[in-house]
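Enquirer: The structure that follows is given in the form of structure tokens.
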Amino acid sequence: NRFVLVIFCQGYYDWTSPNQVEQPNHPRPHIIFIMTDDQGFNDIGYHNRDIHTPTLDKLAAEGVKLENYYIQPICTPSRSQFITGRYQIHTGLQHSIIRSRQPSCLPFDLRTLPQRLQEAGYATHMVGKWHLGFYKRDCLPTRHGFHTYFGSLTGSVDYYTYKSWDGPGICGYDLHEGEREAWGQGGRYSTHLYAQSVRKILAAHDPSSQPLFIFLSFQAVHTPLQSPREYVYPYRQMGNVFRRKYAGMVSAVDQAVRNVTYALRKYGYYKNSVIIFSTDNGGQPLFGGSNWPLRGKKGTYWEGGVRGIGFRVSQALVHITDWYPMLVGFAGRNVSRMDGLDGYDMWETISNGKESPRLEILHNIDPLYNPAWHGSLKNGYGIWNTAIQAAVRMLGNFPESWWNLERHAEAKKSLWLFNVADDPYERYDLAERRPDVVKQLLARLAFYNRTAVPVRYPSEDPRADPRRNGGAWGPWEGDEENWEAFYLRKRKVKKQKRKFCKMKSFFRRLNIRMMSNRI
């Protein structure tokens, strides 16, 4: 996942003074976590002058730049790891995304980040894209620690009509408030609508009485490529139509962030707030995104798919799971009691330059993914079957460099090794020259695999069809659990006359196939 990460703290900590690193117990900071969808590394002004993002550029100039910040290559995995602080292999979400008709969601027995913050006395609110399952009410954001929720439950919706497509003729309305449909919002652009919703939350809350946690999860800049004309017009010289529309969507997000930060100032939050900006995965070049100069795209484990950067320079290795213990630490809770987390509290490392507790990142192990044709246990030195999709990054007992091991679908190859410290663009495969490093990384994959839980990837449930549920996407199952671990079955779908739905479904499936290209 290639994405931009920004940490920006104004007034709460003095980032210019290395001596001021302690977390004051009072007052606890308000936490605003802003996530964009499919925003590429080259899709922000301070990396690319052709993209106009003055607000994000200003935050970048005043914030903390994380040069080794990693997320996941697609939507559901990044969001699940942010919410739970755990790798995918420890939540059963190793494979692909949660699709709209799958009876799957976050495990019910895990304490989420917003639940921990609620326990610490925070008011917790979520606005925007969920994409962590909704087949029963216990899957909804309000059952996972958010006092309020306003947004879309599926992975992709129309920015104006809030209709979501999941196959020919399978169309439904997807905008919810709390646990009910929020009808009557058609025609309002979602990026603007979500920013306005955050502003209403800020206006209604007393910042001096209770700390606030807001997770603002934009659906932008995910397909479909839609934006008000005034944002696209400045890019009229761009020859590529997809790129032009995409750039307009990025500028619309920048304006929305400006409106949110203005509201933070107006209503008295700004001087005691921690603002974090991140994307969930890298850009998709075929739909206007750009991760240049890094290699790869959304849906791959190349650096362009999983590496994000932020603002002020910090070389510490940081992963999206690390926000869980770090933000709970901001809230004054004892993170040492949170058993089973894969994230680390990186605050002292980021703020004061102390040695990082994180020495490696497991990007994923996906036993359900298409096996590599030339992969085998033999090719993995008897340590690991290289036919299985997996990727890991670590600093080991070899020269002081970061190494990345991954599988890529190329003729007669199932294993690649890169020294990403010296070769950040992943041009030189060192797997054959450094078998010692390969073996050590394969051993780490084997270690992690022994801790993995079964994959949860059930087949589609026809009861999820919005036509059976009043025309809207939403929970369709009762309280009993229905986890299955097997491939999605192909279904024969009758031809429909609704050409518009079929066209939207075609582009959605095309996007899913491209983001799932072999690694």
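Read in the UniProt record's numbering, the sequence shown has 135 at position 135, and its numbers run on one by one without any break. We put the beta carbon where it would ideally sit given N, CA and C, even for glycine. Source: prediction; values computed, not measured.
(1) Are T84 and Y324 close, meaning C-beta to C-beta below 9 Å?
(2) Going by other Cβ atoms of all chains shown within 10 Å of its Cβ, with 16 needed for buried, is K354 buried or exposed?
(3) Just the Cα atoms here: how many angstroms apart are Q237 and L442?
(4) Does the beta-carbon of K298 have 16 or more other beta-carbons within 10 angstroms, so that it is buried, or is it exposed?
(5) At a cut of 8 Å, does the region 125-136 reach the region 415-431 through at least three beta carbon pairs?
(6) DSSP three-state call for F82: helix, strand or coil?
(7) Give me the DSSP bridge partner(s) of A123.
(8) Go through its chain and collect everything with a Cβ distance to P458's Cβ below 6 Å, but skip five positions before and after it.
(9) Give me, in chain order, the residues of the same chain whose beta-carbon lies closer than 6 Å to that of K494; leave out the 5 immediate sequence neighbours on both sides.
(10) DSSP state of M346, grouped into three classes?
(11) Using 8 Å for Cβ pairs, my map puts E177 next to F150. What's the rounded Cβ distance?
(12) Would you check if the region 366-376 and the region 334-348 touch, i.e. whether three or more CB-CB distances between them fall below 8 Å?
(13) On the DSSP letters alone, give me the boundaries of the alpha helix (DSSP H) that G389 sits inside.
(14) Which of helix, strand or coil does DSSP assign to H144?
(15) For D254, tell me which candidate among A203, L327, V420, I51 has the shortest Cα-Cα distance.
(16) Apart from the five residues just before and just after R489, which ones in its own chain have a Cβ nearer than 6 Å to its Cβ?
(17) Are the Cβ atoms of N281 and G305 separated by less than 9 Å?
(18) How about V116 and R333: are their beta carbons less than 9 Å apart?
(19) Taking only three categories from DSSP, how would you classify S314?
(20) Who are the near neighbours of M326 in its chain, counting only those whose CB is closer than 6 Å to its CB and skipping five residues on each side?
(21) So which of T223, P27, L110, D465 has the shortest CA-CA distance to S209?
(22) When you compare only the Cα positions, how much space is there between Q94 and L106?
Expert: Well, looking at it:
(1) Taking 9 Å as the Cβ cut-off, T84 and Y324 qualify as a contacting pair.
(2) By the Cβ neighbour-count rule, K354 is exposed, with fewer than 16 other Cβ atoms within 10 Å of its own.
(3) Taken atom to atom, the span from the alpha-carbon of Q237 to that of L442 is near 48 Å.
(4) Under the 10 Å beta carbon count, K298 is surrounded by 16 or more other beta carbons and is classified as buried.
(5) Flag = no, the region 125-136 and the region 415-431 do not touch.
(6) Of the three classes helix, strand and coil, the one that applies to F82 here is helix, per DSSP.
(7) In DSSP, A123 forms a bridge with L212.
(8) The residues are Q102, P103, S104, E484.
(9) Only weak support exists for where K494 lies, its pLDDT of 36 falling under 50; the value from the coordinates is given anyway. Cβ within range, chain order: n/a, list empty.
(10) In the structure shown, M346 falls within a coil segment according to DSSP collapsed to helix, strand and coil.
(11) About 5 Å; that satisfies the 8 Å criterion.
(12) Too few Cβ pairs lie closer than 8 Å, so no.
(13) Looking at the sequence itself, residue 389 is Gln, so the reference to Gly does not match. No alpha helix (DSSP H) holds Q389; the beta strand (DSSP E) holding it covers 389-394.
(14) The DSSP-derived three-state label of H144 is coil.
(15) That would be I51, whose Cα lies nearest to the Cα of D254.
(16) Here R489 scores only 34 on pLDDT, less than 50, and its place in the model should not be relied on; the value that follows carries that caveat. A distance below 6 Å between beta-carbons, with the five flanking residues on each side excluded, links R489 to the following residues of its chain, in chain order: S459.
(17) Yes.
(18) According to the sequence as given, residue 116 is Arg; it is not Val. Yes, the pair counts as a contact, with Cβ atoms nearer than the cut-off.
(19) When secondary structure is reduced to three states using DSSP, S314 falls in the strand class.
(20) Excluding sequence neighbours, M326 sits near D345, M346, W347.
(21) With distances taken between Cα atoms, S209 lies closest to P27.
(22) L106 has its alpha-carbon roughly 12 Å from the corresponding atom of Q94.
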